[in-house]
Amino acid sequence: MGLVTRFAPSPTGYLHRGHAYSALTAFEAARARSGRFLLRIEDIDATRCRPDYEAAILDDLAWLGLTWEEPVRRQSEHMATYHTALEDLRQRGLVYRCFRTRRELDIGRAPHEHQTPFRGAPLPRLEEEARLARGEPFAWRLSLEAAAEALSGLEPLSFFEAGSGPAGEQGWIRACPDLAGDIVLARKDVGVAYHLAVVVDDALQGVSDVIRGEDLFEAAHVQRLLQALLGLPTPTYRHHRLLTGPDGKRYAKRDKAQSLRDLRASGVTAAALRHDMGL
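FYI, the numbering used here numbers position 151 of the sequence shown as 900, with every residue one higher than the one before it.
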């Protein structure tokens, strides 16, 4: 199989320089080896994703000179596929219901910032049944304890880092899913969470190389675990540096980083932006 890369933005805002760098890096890697470049829209969170943002993403990427295979995969159109994977884990006792409040749950978005790992356990049966009878919302969490038991006796999990992690990690890396704790895999109002959808999509689309920012390096550890539990192939990971602004902070939508749309409106050309980013 040849090289297959992807760029997978969430339409929760406009693209900025950091997105452009990541998309161009994945695109050029595929082109250099006569590979395939895919575009995936990660729109599982209907409460935050908007059609106008998706349209802007397509427009900005075309302005950058990128081309991709059609059709574009939209996660919102494949929820049944993710639920099948979740049901497989549930049937094997690898997930449990967690009734913590929404504020305490991080779901539907990439885990860019460090968070204290959560470790829990299923509630006693009667208490769980009572909460369900009252209609209390819950999330499905992956049980690291059950996962470790399911994989006991197998070789330690690892993945290959062809780029560089935040601390310069390279080569074969032993996966440490404990870094993320018992991650949320699904919740009623969002459906499925980032990690589950991503590993399913990468496998179904035949992605051979996951090229993304180093802020997602820790995500590779738990995604490697999910791949093992679901019997999915493990791609090569290539994490890259993050672009930072004049203040030294990385570009981020949450910080209202200057968008590509604004740059275009100010007269910046795609060629000038590439040069500015060293591409």
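From the three backbone atoms N, C-alpha and C, an ideal C-beta is built for every residue, glycine too.
Predicted model, so just to flag it, every value in this text is computed and none were measured.
Next item on the list: Less than 8 Å between the CB atoms is what I'm expecting for histidine 989 and valine 971, so what's the real figure, rounded?
Entry: Actually they are not in contact, since the Cβ atoms of histidine 989 and valine 971 sit about 20 Å apart, beyond 8 Å.
Next item on the list: Could you have a look at arginine 858 and say whether DSSP puts it in helix, strand or coil?
Entry: With a pLDDT of only 49 at arginine 858, under 50, the local geometry of the prediction cannot be trusted, and no value is derived from it.
Check: Taking Cβ to Cβ, would you say leucine 807 is nearer than 9 Å to leucine 891?
Finding: It is not a contact, given that the beta carbons lie outside the stated cut-off.
Next item on the list: Go through the segment 931-992 residue by residue and report every complete run of the alpha helix (DSSP H) that reaches 4 residues or more, in order.
Entry: 943-953, 966-979
Next item on the list: Express the C-alpha separation of aspartate 1025 and valine 948 in angstroms, rounding to a whole number.
Entry: Taking the straight line from one Cα to the other gives about 33 Å.
Note to self: Given a cut-off of 9 Å on the beta-carbon distance, is the pair leucine 835 and phenylalanine 776 in contact?
What the structure shows: Judged by their CB atoms, leucine 835 and phenylalanine 776 are not nearer to each other than the 9 Å cut-off.
Next item on the list: Return yes when the Cβ of arginine 789 is within less than 9 Å of the Cβ of aspartate 950, no when it is not.
Entry: yes
Checklist line | Distance between arginine 841 and glutamate 885 (C-alpha atoms, nearest Å) | finding: 24 Å
Next item on the list: Kindly indicate which three-state DSSP category glycine 767 falls into: helix, strand or coil?
Entry: helix
Notebook entry, point to check: DSSP puts phenylalanine 908 in a beta bridge; with which residues?
Noted result: Ile922
Item checked: Contact set for glycine 1027: own chain, Cβ-Cβ below 7 Å, skip 5 residues either direction -> none
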